[in-house]
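Let me begin by presenting the structure, written as structure tokens, before commenting on it.
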Ligand SMILES: [Zn+2]
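Next comes the structure, spelled out in structure tokens:
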């Protein structure tokens with residue numbers, strides 16, 4: 038297939054409501070679990086994760102309410118146990134709760150992986166009253182057991198892969214699945230982590246970069262998955278950093294035909310239209 042044919046093939050899909058671009062705002066809760074997984078005691082200089090439940094999550098819920106858009110929150114099981122009211126408040130506002138490990142482990146966890154996936158699944162299901170259907174790898178690798186366990190628990194999507202711009206079907210036992218879709222996450226340029234942890238980029242420049250990414254994605258009739266964390270440190274919980282996320286949403290709304298969705302809603306739509314996606 039030539040490059041131009043590939044581009045044509047990619048652009049043959051349609052989005053819900055005939056949108057030109059789908060936007061998913063995804064918020065990785067990453068409370069103290071994230072620090073514990075690094076063997077840090079989440080106090081003092083390592084207390085960034087505790088900001089999520091106190092300030093970051095309420096700030097994002099207020100912003101999403103102002104903007105009247107849905108979002109997906111990926112919540113580690115440990116954080117849900119620690120701050121059940123915070124996680125319930127997210128669900129009560131109509132946003133999606135999805136799974137994100139137990140203590141944000143790297144998932145290079147060997148034989149314990151199925152047990153940990155089931156443990157987090159049970160915690161979120163009991164808390165919210167409905168099972169999560171989406172998962173994002175908190176970091177590290179995946180194994181043969183990942184997909185097998187997720188599908189056995191009824192999950193319909195994974196938002197962890199970096200090797201495509203568009204949704205695609207994974208393979209299990211050499212065959213492409215049709216009841217489970219990968220919704221790729223770009224943790225290089227659409228994630229706050231590298232900008233605030235590695236390059237220490239000012240929020241004004243991060244906003245400009247995310248706007249440019251959106252403009253390019255929109256031209257390609259693409260799928261724009263933003264990843265932010267409501268904590269301090271590497272996250273976007275504080276007023277200025279949360280503020281540029283709202284500025285970005287307002288900017289994206291100025292384009293015609295932009296559809297804001299949860300990943301769950303997008304996954305259901307993709308599964309109902311399998312012909313569009315690679316697999
Ligand atoms: Zn995370």
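In our numbering, the protein residues as written are 38 to 316. Note that the Cβ used here is the ideal one computed from N, Cα and C, for glycine as well.
Bridge partners of residue 289 according to DSSP: none are assigned. A direct Cα-to-Cα measurement between residue 247 and residue 188 gives close to 33 Å.
Uninterrupted alpha helix (DSSP H) stretches at least 4 residues long and entirely within the stretch 82-117 occur at 94-104, given in chain order. If you keep only unbroken alpha helix (DSSP H) runs of at least 4 residues inside the stretch 107-173, you get 114-119, 121-129 and 150-165.
Distance from the C-beta of residue 175 to the nearest heavy atom of ligand 1 is below 6 Å. Shortest gap from the CB of residue 72 to any heavy atom of ligand 1: 6 Å or more.
Each residue's CA atom was taken as its position, placing residue 70 and residue 59 some 30 Å apart. Short of 8 Å from the beta carbon of residue 219, and not among the five residues preceding or following it, lie these beta carbons of its own chain, in chain order: 194, 195, 196, 197, 198, 201, 204, 205, 206 and 207. DSSP places residue 250 within a helical segment (H, G or I) once states are collapsed to three. Going by beta carbons, residue 299 and residue 107 fall inside the 7 Å limit. At a cut-off of 4 residues, the continuous stretches assigned as alpha helix (DSSP H) that sit fully inside the stretch 254-306 are 276-290.
According to the DSSP assignment, residue 65 belongs to no alpha helix (DSSP H) but to the beta strand (DSSP E) extending over 58-65. Residue 176 and residue 64 have their C-alpha atoms some 15 Å from each other.
For residue 194, the beta-bridge partners assigned by DSSP are 171 and 218. The three-state secondary structure of residue 228, taken from DSSP, is strand.
Residue pairing from DSSP places residue 205 in a beta bridge opposite 219 and 315. Apart from the 5 residues on each side of it in sequence, residue 306 sits with its Cβ closer than 7 Å to the Cβ of 53 in its chain, given in chain order. Cα atoms of residue 172 and residue 75: separation of roughly 21 Å, rounded to the nearest angstrom.
In the three-state scheme derived from DSSP, where H, G and I count as helix and E and B as strand, residue 75 is classed as coil. Remark: the C-beta of residue 222 is outside contact range of ligand 1, defined as less than 6 Å to any heavy atom. For the pair residue 118 and residue 160, the CB atoms are nearer than the 7 Å cut-off.
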